[in-house]
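Undergrad: Each residue of the sequence shown is one higher than the one before, counting from 1 in full-length UniProt numbering.
We put the CB at the ideal spot given by N, CA and C, even for glycine.
These numbers were taken from a predicted model, which means no experiment stands behind them.
Got a structure here, written out as structure tokens. Questions coming.
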Amino acid sequence: MIRAFFGGTFDPVHNGHLETASALVDELDIATLSLMPSAVPPHRSQPCASARQRLEMVKLACQQHPAFTAEDWELKQDRLSYTAHTLSEFKERFPNDILLFVMGMDSLMSLHKWHNWTQLTDNAHLIVMPRAGVDFSPQDDELKSFIATHLTKHKKDLTEQSSGYVYIAQTPMVDVSATELREQLQQRKPNLPLPSSVYDYIRQHQLYL
Ligand code: ATP
């Protein structure tokens, strides 16, 4: 079976994650897409909500779609969460499954800064969702040649081989970012692009003030 993992800080989870992931489930006929909050994101500033709170918000958001589940694997590990390591552990956990690791275009464009990034495709396909304001134009030479080597336009490659491809999805651009959203929450703006259950949780726990 195909198992998709969508990693991120999810600080907080928002409609940019959820609407694109929902379109991806349809595009690739994915039975289970797990939203996986990272414990201590090594390559970025520290999150504002606690790990437990980010997971709770992801769990609430997952109630929106039958294919979504929350994956707490990285939060349970007593170490930094490097995706390459997590994916090799998942290959041991699910030896007979096809693993997809889902990310936005901004993540692909900075992939060469990730720990052991060239090993990511050893255990999974990388599925990349377009993101508003981010072009598909890698600047780093090593990244450029990595993408050129692994890129496919064919969905069937993702099922015929269990790992090794980079696939650019046709999911819609949803112009939402957690950074902007945190500012809007602080300013108490109404009608923000996140599920009402997540909004209620944020207010109840007085996050991002
Ligand atoms: P920040 O604004 O703090 O950078 P973010 O909105 O990018 O946060 P993350 O939790 O860091 O949210 O993102 C997790 C993953 O989701 C990343 O791979 C990111 O590229 C992707 N992603 C986030 N928002 C979108 C979006 N609107 N469309 C497509 N992908 C997205």
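For ligand 1, any of its heavy atoms closer than 7 Å to the Cβ of methionine 129?
TA: Here residue 129 refers to the residue found at position 129 of the sequence shown. Correct: methionine 129 has its Cβ closer than 7 Å to ligand 1.
Undergrad: I need the DSSP call for serine 34, collapsed to helix, strand or coil.
TA: As a working note, residue 34 is residue 34 in the sequence shown. If DSSP states are grouped into helix, strand and coil, serine 34 belongs with the strands.
Undergrad: Work out the CA separation of glutamine 53 and lysine 91 for me, nearest whole Å.
TA: Stepping through the sequence shown from its first residue, residue 91 is reached at position 91. Stepping through the sequence shown from its first residue, residue 53 is reached at position 53. Distance between the alpha carbons of lysine 91 and glutamine 53: 28 Å.
Undergrad: Where do the N-terminal and C-terminal ends of the beta strand (DSSP E) with valine 102 fall, by residue?
TA: Sequence index remark: in the sequence shown, residue 102 carries index 102 (1-based). Segment 98 to 104, the beta strand (DSSP E) holding valine 102.
Undergrad: Quick one: is the Cβ of histidine 17 within less than 7 Å of any heavy atom of ligand 1?
TA: To locate residue 17, count along the sequence shown from 1; it is residue 17. Yes, Cβ of histidine 17 sits closer than 7 Å to a heavy atom of ligand 1.
Undergrad: Closest to leucine 28 by C-alpha separation, out of Leu209, Ile127, Ala70, would be which residue?
TA: Counted from its first residue, the sequence shown places residue 28 at position 28. Of the listed residues, the one whose Cα sits closest to leucine 28 is Ile127.
Undergrad: Does DSSP classify phenylalanine 90 as helix, strand or coil?
TA: If you number the sequence shown from 1, residue 90 lands on position 90. If DSSP states are grouped into helix, strand and coil, phenylalanine 90 belongs with the helices.
Undergrad: So, do the region 98 to 112 and the region 4 to 18 have three or more beta carbon pairs nearer to each other than 8 Å?
TA: The region 98 to 112 vs the region 4 to 18: in contact.
Undergrad: Taking only heavy atoms of ligand 1 into account, decide whether any of them is closer than 7 Å to the Cβ of glycine 133.
TA: Locating residue 133 in the sequence shown gives position 133, where the first residue counts as 1. No, ligand 1 has no heavy atom inside 7 Å of this Cβ.
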